[in-house]
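Participant:
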Amino acid sequence: RVLLTEDEYAEFMASGNFDHIKHRYDNSLKSPLDEFEWESKTRVLGPKVLISYTREPYIGRFNKDLRITFDKNIRAIENDNLFYSGDDYTNITEDLVVMELKFNGILPYYINDIIKNLELERTACSKYCNAVNFLGSLPDHLRSKFNKLKIFNVDSLN
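So the sequence shown is numbered by this note's numbering: it starts at 241 and just counts up by one.
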């Protein structure tokens, strides 16, 4: 993650590079910045859809490597301004909640037991892809791949 001011973001959009902020970061973060610059130029990437949601995070009291988040009120708008402050987003999940489990190493056995007892389905969920699909911005050849929002996501933090 990189924190950018609106001016720093504007500089990146104008120049296509992060040279103006790289001095703040060590080499471990400079490489991802370089990779993002390369991907942006090569694939002609830019913001198209903004996502907004309310996140309720929990970190394990006894296991700091476990994080559970609940994302709700997931909204989206087709807009290329990352600093857009309007309130005309479209709710793309109605009253659904996305639960994400993130952990280092192996999923704790007690969490696995809860998943089994509640008959939860382990699946990937991309708020961005679902928003693009919901708003109708997804190219037709990809539309069937993202045909419904999944509500449970498990990721390793590694």
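All residues carry an ideal CB built from backbone N, CA and C; glycine is no exception.
All figures in this text were calculated on a predicted structure; none of them were measured in a lab.
Quick one: using the 10 Å Cβ neighbour count with 16 as the cut-off for buried, is residue 354 buried or exposed?
Facilitator: That one is exposed.
Participant: Specify, as a first and last residue, the run of the beta strand (DSSP E) that residue 292 falls within.
Facilitator: Per DSSP, residue 292 belongs to the beta strand (DSSP E) from 289 to 299.
Participant: Could you check where the beta strand (DSSP E) with residue 375 kicks off and where it finishes?
Facilitator: Not the beta strand (DSSP E): residue 375 falls in the alpha helix (DSSP H), residues 367 to 375.
Participant: Quickly, what does DSSP pair residue 312 with across the bridge? List them, please.
Facilitator: According to DSSP, residue 312 bridges with 294.
Participant: Looking at C-alpha atoms only, which residue of 315, 295, 250 and 251 is the closest neighbour of residue 370?
Facilitator: When each option's Cα is compared against that of residue 370, the closest is 315.
Participant: Hey, residue 257 and residue 277 are a contact pair by Cβ (cut 8 Å); roughly how many whole angstroms apart?
Facilitator: The Cβ separation is near 5 Å, so the contact holds.
Participant: Taking 6 Å as the limit between beta carbons, can you name the residues of its chain near residue 374, skipping five residues before and five after?
Facilitator: Same-chain partners within the cutoff: 332.
Participant: Give me, in chain order, the residues of the same chain whose beta-carbon lies closer than 6 Å to that of residue 300; leave out the 5 immediate sequence neighbours on both sides.
Facilitator: Closer than 6 Å at the Cβ level, and outside the excluded window around residue 300, lie 306.
Participant: Would you list the one or two residues that DSSP bridges to residue 330?
Facilitator: Its beta-bridge partners are 316.
Participant: How is the beta strand (DSSP E) around residue 343 delimited, first residue to last?
Facilitator: From DSSP, the beta strand (DSSP E) with residue 343 extends over 338 to 343.
Participant: Please state whether the Cβ-Cβ distance between residue 293 and residue 312 is less than 8 Å.
Facilitator: For residue 293 and residue 312, yes; Cβs fall inside 8 Å.
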